[in-house]
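According to the numbering used here, the sequence shown is numbered sequentially starting from 668. Glycine is no exception: its CB is placed at the ideal position from the N, C-alpha and C atoms. All values derive from a computational prediction rather than experimental measurement. Heads up: the structure comes next, in structure tokens.
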Amino acid sequence: NEPLSIHEEYHLKSACRCNRKMLEKTLSSLSVDELTDMIEKDNGAEVTCTFCRQTYLFTAKDLYAIKDSN
């Protein structure tokens with residue numbers, strides 16, 4: 668058995684590719700009733716990425732636009 672040797676070192680960095688547009692698409696997959704419920708009960712939505720913990724805020728106006736595009 669040959670001993671292991673290090674040829675190169677790399678610094679790894681985790682990076683999430685989430686963005687507001689991607690989360691808009693995710694919200695658009697919800698039913699009209701669910702979007703309406705968010706608008707009426709919460710006056711918007713707060714979505715947090717499970718990977719990087721970035722939080723995105725969507726106002727009621729944003730949710731209306733998403734709902735109307737469905």
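Legend entry - Coil, strand or helix - residue 669 by DSSP: coil
Legend entry - Integer-rounded CB distance, given that residue 713 should sit under 8 angstroms from residue 722: The pair is a contact, with the Cβ atoms about 6 angstroms apart (cut-off 8 angstroms).
Legend entry - Close-in-space but distant-in-sequence residues of the same chain around residue 734 (CB under 8 angstroms, 5 per side omitted): 699, 702, 703 and 706
Legend entry - Outcome for residue 730 when other beta-carbon atoms lying within 10 angstroms are tallied against a minimum of 16: buried
Legend entry - Beta-carbon contacts of residue 680 that lie in its chain and below 8 angstroms, excluding the five residues immediately before and after: none
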